[in-house]
Every structure is written in structure tokens, then in C-alpha cells.
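> Below: one structure in C-alpha cells.
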Amino acid sequence: MTDVLPANLTDNRSMTTVDKARILIVEDERTIALTLAQAFRRAPDNRLSVDVCYTASEALALLPTQTFQLVLCDLRLPGMSGLELIAQIRHTYPTTRTILMTGFGSPEIEAKAKVLTDAYLAKPFEMADMLKIVQELILKPFPIPVIKPS
31 MTDVLPANLT
41 DNRSMTTVDK
51 ARILIVEDER
61 TIALTLAQAF
71 RRAPDNRLSV
81 DVCYTASEAL
91 ALLPTQTFQL
101 VLCDLRLPGM
111 SGLELIAQIR
121 HTYPTTRTIL
131 MTGFGSPEIE
141 AKAKVLTDAY
151 LAKPFEMADM
161 LKIVQELILK
171 PFPIPVIKPS
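Per our numbering, the very first residue in the sequence shown carries number 31; after that it's consecutive.
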């Protein structure tokens, strides 16, 4: 089941063209997912719109229908790991920021997350820390590659 909360967006993944940044939370534990969504909706500057999916397959079905600036994903999901989902997101939507969160971290998972994601958070974490990271990521522009003639 997907909880979709409305946002006012143009069809661009850049924060410079949106009224609200759209965030997708992919978390199979309903309480955690809804707590995160509520915290984002109540963020001080109120510039965050949130959608929630409880499985990777729900997220993969929703992603082509909306424009997301950021995907916040749990590591352990039914059917597919959060790292696998983020790899697919990175391939299809390379400008969408990603955060991996887990309560089952290890040095190996953290190393993979550092390569694949924009941020890694071990549960439990402080909501203020999460909000700060989200704000930094959605406002941070992607570097424009410089192509030099050969």
C-alpha cells in the first residue's frame, strides 16, 4: 500500500524549480515510515512533501509517476534490499538524491552505502540530524561535468 501526499511540483528534479521538494520514504515498518513522514511534513520551513511506500516494488511502481528529489530507503525490505533499490534508482534517476538507513549496519554495508548513496544513517538516529541531512541534500546542486576537448 502506498500513502501519497500531494505536492506542488513542476516536472524537474531540481529544487530550483519546485515549490516543495518531494521525498519518497521506502520503509517496511509502518510506524517508522509514518513517523518520518510526519516529521518531514512538520519541518520548520514546510518545503517538504512526502510519499511513503512499504516495499521496493511499490517504490519502483511509483517512481516513474512522480518527480522525487530524494529517496530515503531502509536497508531491509521485502523482496529486494535497499541497496539494490538505490542502485536501480541511481541508474534510472541519476539526479535523485538517496539516503540509506538501517538498524542492521556493518562496516561492509556502510562501505557500500558510501559508494552508492548520498548519505547513510544508522538507526536509531535523531530526527534533527535526519532533517539537516535532507535539507542539505535537496538544496545541494549536482556538479556540472566539465568536458575538455581531446
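Just so it is clear, CB atoms sit at the ideal spot from N, CA and C, and this is done for glycine as well.
Return helix, strand or coil for T95, following the three-state DSSP convention.
DSSP places T95 in helix when its eight states are reduced to three.
> With H, G and I counted as helix, E and B as strand and the rest as coil, what does DSSP make of S44?
Caution applies to S44, whose pLDDT of 43 falls short of 50 and renders its modelled position unreliable; the model cannot decide the point.
> Using a Cβ-Cβ distance under 7 angstroms, would L113 count as near chain E?
The displayed structure is made up of one protein chain only, and chain E is not part of it.
> So what does DSSP say about S136, is it helix, strand or coil?
Coil.
> Here's the rule: buried if 16 or more other CB atoms are within 10 angstroms of the residue's CB, otherwise exposed. What is L169?
So L169 counts as exposed.
> What does R72 pair with, by DSSP beta-bridge criteria?
Paired residues: none, contrary to the question.
> Would you give the residue range spanned by the alpha helix (DSSP H) that L161 belongs to?
Looking at the DSSP string, the run of the alpha helix (DSSP H) that includes L161 is M157 to L169.
> Buried or exposed: which applies to E156, given that a residue is buried once 16 or more other Cβ atoms fall within 10 Å of its Cβ?
By the 10 Å Cβ count, E156 comes out exposed.
> Any idea what DSSP makes of L35, helix, strand or coil?
Low per-residue confidence applies at L35: pLDDT is 39, beneath 50, and the placement is therefore not dependable enough to give any value.
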